[in-house]
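For what it's worth, numbering that gives the first Met the number 0 labels the leading residue of the sequence shown as 0, then goes sequentially. Note that the Cβ used here is the ideal one computed from N, Cα and C, for glycine as well.
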Amino acid sequence: MKIVMLGAPGAGKGTQAKMIAAEYGIPHISTGDIFRANIKEGTELGVKAKAYMDQGLLVPDSLTLELIMDRFTKDDCANGYVLDGFPRTIAQAEALTASLKEQGDALDYAIDVDVPDESIVNRMSGRRACIACGGTYHIVFNPPKKEGICDLCGGELTIRKDDVPETVQKRLNVYHEQTQPLIDYYNGEGILRTVDGTQEVAEVFESIKAFLNA
Ligand code: AP5
Ligand code: MG
């Protein structure tokens, strides 16, 4: 199964993608997580990506496409994947469609986690993230079992650099300009499914499973 998660920054793409990955036995591939891991390791890619990410801007398509196309060649992608944060521009979506088509393949679903902008800034201020494994929590809505510690790997939880309110607003603007058009793109392909992302985490997941198991 090949799935793309769509939605504004903070809509809950990562939270749901992890649950989908566990339920269906496919890898969760987050371009944001891969960039953050590279920043932490101080790689050349990380240095380049950081300059854009800290400002709330998109990393250029060329860098992102090289990274993701390489990721698809790994063995764990044989039965599909759930993509989180990619594609993020029409150019990225078209490149993905073309690359799958070359192999006689196509995406199964694009799931749009729909949350209005007003709810987003609130969510971001309470987010805590594990850089080691990408685990994501919220101090009120989805707290870790032990404060400051990742349930999944025991890593330290931190506040993401791009979660300060001014940068969140900028990321929302970038989302509306460059990523929201993908909703129409995938609607045109007939694979768009929209879920109300303002529900509780478990309810959002139930709605997604209802689509995927249909
Ligand atoms: P990325 O890491 O993808 O960030 P994003 O899209 O801004 O999305 P977030 O990770 O902030 O939110 P999310 O939807 O995953 O929400 P989450 O589940 O954490 O990208 C970061 C940057 O990398 C970009 O700005 C760009 O620079 C670069 N980049 C990445 N991919 C790129 C690409 N393809 N092209 C170019 N540049 C790229 O949830 C948010 C919070 O809400 C959490 O605290 C969570 O616990 C809580 N929460 C989740 N669901 C619920 C719920 N139902 N109710 C209440 N709280 C909830
Ligand atoms: Mg995320």
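Considering only the beta carbon of each residue, do residue i and residue j sit closer than 8 Å?
i	j	result
Lys73	Leu62	no
Tyr51	Lys1	no
Ile158	Leu82	no
Ser118	Pro164	no
Asp104	Leu5	no
Phe85	Thr30	yes
Ala7	Val173	no
Gly11	Gly196	yes
Gly147	Asp32	no
Arg170	Gly24	no
Ile19	Ile207	yes
Gln177	Leu95	no
Could you tell me the alpha carbon to alpha carbon distance between residue i and residue j, rounded to whole angstroms?
i	j	result
Ala128	Val120	16 Å
Asp214	Gly45	Outside the modelled stretch of the chain, which goes from 0 to 213, sits residue 214, for which no answer is possible.
Gly9	Glu101	33 Å
Lys98	Lys145	The residue you asked about is not Lys; residue 98 is Ser in the sequence shown. If I take the Cα positions, the gap works out to 43 Å.
Tyr184	Pro143	36 Å
Glu202	Gly154	27 Å
Ala92	Gln179	12 Å
Asn107	Thr88	Correcting the residue identity first, residue 107 is Asp in this sequence and not Asn. Going by the C-alpha atoms only, they are around 19 Å apart.
Thr42	Asp69	16 Å
Arg126	Lys39	19 Å
Asp60	Phe34	13 Å
Asn37	Glu65	14 Å
Determine the extent of the beta strand (DSSP E) in which residue i is found, giving its start and end residues.
i	result
Tyr108	108-113
Met4	1-5
Ile28	27-29
Thr193	191-195
Could you pull the start and end residues of the alpha helix (DSSP H) that residue i belongs to?
i	result
Val173	164-173
Arg87	Premise fails: Arg87 is in no alpha helix (DSSP H) and is neither H nor E.
Val203	200-211
Leu181	180-187
Glu176	Note, Glu176: premise wrong, no alpha helix (DSSP H); not H, not E.
Gln102	No alpha helix (DSSP H) holds Gln102; DSSP gives it neither H nor E.
Lys17	12-23
In or out: residue i buried (at least 16 other Cβ within 10 Å) or exposed?
i	result
Cys152	exposed
Ala109	buried
His137	buried
Val139	exposed
Lys160	exposed
Ala16	buried
Please report whether the beta-carbon of residue i lies at a distance below 8 Å from any beta-carbon of chain B.
i	result
Val3	Going by chain labels, chain B is absent from the structure shown, which holds only one protein chain.
Return yes when at least one heavy atom of ligand 4 lies under 7 Å from the C-beta of residue i, else no.
i	result
Gln102	Absent from the structure shown: ligand 4. Ligands present: ligand 1 and ligand 2.
query: Unbroken alpha helix (DSSP H) runs of length 4 or more, entirely within the region 50-82: which are they?
result: 60-71
message: Just to confirm the assignment: which complete beta strand (DSSP E) runs, minimum length 3, are found wholly within the region 119-146?
response: 126-129, 135-137
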